[in-house]
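Residue numbers (full-length UniProt numbering): 1 to 156.
Below is the structure:
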């Protein structure tokens, strides 16, 4: 007896429904890892996202401080930057002290390096993995030059 395509499809569906479930061989549904590529595009509404211009202004403000090289003054610099308005993004969220620490360290490197852009780029890109645009802006050079220096540092 020859079945039509529709009848064959119905028969296959019926057989699938009537098959016993083999729970031993079923794989559990994998959920995406937190922070993985599935969730990387989502932005937390309460986190502070400074623009690269704001980051550069913050680092320049910290470098200009007279008491920058004195140990134990990080909290005071945080308060001064907060009062000056450098720690607030466009949504009104404020950068935490933990997030401020990396920019403070970059500013210390920039201040102590006496114009050595390679040291500043190494600290921005290698240590804190900042983008080339931010790294170049902090170092005060163009992006092509920063990319070339990053490439040299990667070869070393």
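Glycine included, C-beta positions come from ideal geometry on N, C-alpha and C.
From a predicted model like this one, the values you see are computed outputs, not experimental measurements.
Problem - Rounded C-alpha distance that separates residue 97 from residue 84 - result: The count along the chain shown starts at 1 and reaches residue 97 at position 97. The count along the chain shown starts at 1 and reaches residue 84 at position 84. Going by the C-alpha atoms only, they are around 15 angstroms apart.
Handout entry: Own chain, CB closer than 7 angstroms to residue 109, minus 5 neighbours either side, in chain order
Key = Numbered from 1 along the chain shown, position 109 holds the residue referred to as residue 109. Only 119, 120, 123 meet the Cβ criterion.
Problem - Endpoints, the alpha helix (DSSP H) within which residue 135 is located - result: As a position in the chain shown, residue 135 is number 135, starting the count at 1. Counting along the chain, the alpha helix (DSSP H) containing residue 135 begins and ends at 132–139.
Practice task
Using three-state DSSP, classify residue 96 as helix, strand or coil.
Solution key: Numbered from 1 along the chain shown, position 96 holds the residue referred to as residue 96. Of the three classes helix, strand and coil, the one that applies to residue 96 here is coil, per DSSP.
Practice task
State the beta-bridge partners of residue 88 as determined by DSSP.
Solution key: As a first step, residue 88 must be located in the chain shown, where it is residue number 88. Paired residue(s): 94.
Practice task
Decide yes or no for the touch test of the region 51–59 against the region 137–146: beta carbon pairs closer than 8 angstroms, at least 3 of them.
Solution key: The region 51–59 makes contact with the region 137–146: 3 or more CB pairs, one atom from each, lie closer than 8 angstroms.
Problem - Residue range of the alpha helix (DSSP H) that includes residue 71 - result: As a position in the chain shown, residue 71 is number 71, starting the count at 1. Neither: residue 71 is in no alpha helix (DSSP H) and is coded neither H nor E.
Practice task
Kindly give me the distance between the Cβ atoms of residue 78 and residue 61, rounded to whole angstroms, as I take these residues to be in contact under 8 angstroms.
Solution key: Walking along the chain shown from the start, residue 78 turns up at place 78. Walking along the chain shown from the start, residue 61 turns up at place 61. No, residue 78 and residue 61 are not in contact; Cβ-Cβ is about 12 angstroms, not under 8 angstroms.
Handout entry: Unbroken alpha helix (DSSP H) run spanning residue 156, endpoints
Key = Residue numbering aside, residue 156 sits at position 156 when the chain shown is read from its first letter. Per DSSP, residue 156 belongs to no alpha helix (DSSP H) and is neither H nor E.
Handout entry: Helix, strand or coil at residue 4 according to DSSP, with G and I counted as helix
Key = Position 4 of the chain shown holds residue 4. Note: residue 4 maps to coil in three-state DSSP.
Practice task
Can you give me the Cβ contacts of residue 183 inside the same chain, cut-off strictly under 7 angstroms, excluding the 5 residues immediately before and after it?
Solution key: What the structure shows of the chain is the stretch from 1 to 156, and residue 183 is not part of that stretch, so it cannot be assessed.
Problem - Enclosing alpha helix (DSSP H) for residue 62 [first to last residue] - result: By 1-based counting over the chain shown, the position of residue 62 is 62. First-last of the alpha helix (DSSP H) with residue 62: 52–64.
Problem - residue 127 to residue 107 span [Cα, whole Å] - result: Within the chain shown, residue 127 is the residue found at index 127, counting from 1. Within the chain shown, residue 107 is the residue found at index 107, counting from 1. Near 13 angstroms, if we compare the C-alpha coordinates of residue 107 and residue 127.
Exercise for the section: Return the CA-CA distance between residue 111 and residue 91, expressed in angstroms with no decimal places. Expected result: Residue mapping note: residue 111 aligns to position 111 of the chain shown, counting from 1. Residue mapping note: residue 91 aligns to position 91 of the chain shown, counting from 1. Cα-Cα distance, rounded: 30 angstroms.
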